[in-house]
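Enquirer: Throughout the sequence shown, residue numbering follows my numbering, covering 150 to 245 in sequence.
Just so it is clear, CB atoms sit at the ideal spot from N, CA and C, and this is done for glycine as well.
On a predicted model such as this, the values are computed, not experimentally measured, just so you know.
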Amino acid sequence: MNPYLNTALVSQTPEVKVQEVIVSRLTRRGDGDNQADPVRTVFQIFDLEGNLLAERDEYSSFSKEQLLHFAKFVKEMELNDVERAFASWVDSINGG
């Protein structure tokens, strides 16, 4: 049994497929010119034909709930500088 396999998730998924993939760590995403678009590492998964299957980029994958939390954070803190507000909010949700 694979200890990394979430059996609850698999049992709730209508189709599960095991296949070989290429896992890539793109280490240069973002321009780094401001706090809203920092240089960061992005993980990507490709099939063997080179088709992108999945990507994880912490700075671009916020849920609606997280964005609403950000709006509330800006309002409560009375922040006017959006870039600085975004950086502070990301620090707060990452425990920083």
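What does the Cβ neighbour count give for Ala138, buried or exposed, with the cut at 16 atoms within 10 Å?
Expert: The structure shown has nothing for residue 138, since the chain only spans 150 to 245.
Enquirer: 8 Å is my cut-off, CB to CB: does Ser173 come that close to chain D?
Expert: Of the protein chains in this structure there is only one, and it is not chain D.
Enquirer: So what's Glu225 in DSSP terms, helix, strand or just coil?
Expert: Correct three-state label for Glu225: helix.
Enquirer: Per DSSP, what kind of secondary structure is Gln215 in: helix, strand or coil?
Expert: The answer is helix: DSSP assigns Gln215 an H, G or I state.
Enquirer: Please report the residue range of the beta strand (DSSP E) in which Leu201 lies.
Expert: Leu201 -> beta strand (DSSP E) spans Leu201 to Arg205.
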